[in-house]
Ligand code: MN3
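In my numbering, the protein residues as written are 44 to 250.
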């Protein structure tokens with residue numbers, strides 16, 4: 044097996060009461076695991092891609108045969124998106140420093156950024172993700188469908204590409220056990236578990 048599920052850097056109950064333990068456990072061990080299993084199964088049949096890293100797969104989807112391209116797109120995106128999502132979750136961190144300055148420069152204030160991000164999340168139809176994306180020297184918010192990621196490129200996702208430094212999972216499996224049909228409550232709760240230290244690190248590392 045080429046790709047595998049990493050342990051979370053925290054316990055399943057550590058984001059309570061905002062993200063509940065049962066959702067975190069199922070989301071990580073079942074949903075994320077199944078994207079990895081699907082990806083490994085697809086690559087098992089296509090040995091010519093066995094030396095591709097996850098990023099190489101995602102950035103070169105056009106190289107995959109048409110009959111498996113959509114499946115590779117969904118499973119590789121699902122793996123990468125969840126890896127990022129787990130990393131940017133932690134309670135009790137504060138937005139500060141260079142990232143805060145950049146968010147204020149691009150959106151006006153932290154509050155205005157949150158408003159833009161929430162509006163994008165609320166208006167997104169169906170499953171997908173909303174991202175804070177860095178591209179050159181700007182930050183912007185975009186949503187992608189299903190398990191697409193902004194690094195796949197505009198010709199695949201239909202939205203402006205760039206490096207995601209923050210993202211929210213808008214699939215029902217991310218919130219339905221606790222928040223049921225009230226996606227808005229989950230989106231509001233998300234701000235209590237954003238790991239701003241990690242988002243700052245991703246901001247600094249991305250070109
Ligand atoms: Mn998910």
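Each residue gets a CB set at the ideal place from its N, CA and C atoms; glycine is no exception.
query	result
Would you mind reading off the limits of the beta strand (DSSP E) that contains residue 212?	206 to 212
Residues around ligand 1, please: the condition is that the C-beta lies closer than 6 Å to some non-hydrogen atom of it.	70, 74, 125, 212, 214, 216, 217
Can you give me the C-alpha to C-alpha distance between residue 70 and residue 179, rounded to a whole angstrom?	33 Å
Would you say residue 193 and residue 202 are within 8 Å of each other, going by their C-beta atoms?	yes
Quick check on residue 137: buried or exposed, where buried means 16 or more other Cβ atoms within 10 Å of its Cβ?	exposed
State the start and end residues of the unbroken alpha helix (DSSP H) segment that holds residue 246.	239 to 248
Going by the CB atoms, is the gap between residue 76 and residue 124 shorter than 8 Å?	no
Between residue 187 and ligand 3, is there a pair consisting of the residue's CB and a ligand heavy atom that are separated by less than 7 Å?	As far as ligands go, the structure on display features ligand 1 and does not contain ligand 3.
So the beta strand (DSSP E) residue 187 belongs to, where does it begin and stop?	181 to 188
From residue 165 to residue 67, what does the alpha carbon distance come to, in whole angstroms?	21 Å
Specify the secondary structure class of residue 159 as computed by DSSP and reduced to three states.	helix
Would you please state the rounded distance, in angstroms, between the beta carbons of residue 157 and residue 177? I believe it to be under 8 Å.	In fact, because the Cβ distance is near 17 Å, the residues do not count as touching under 8 Å.
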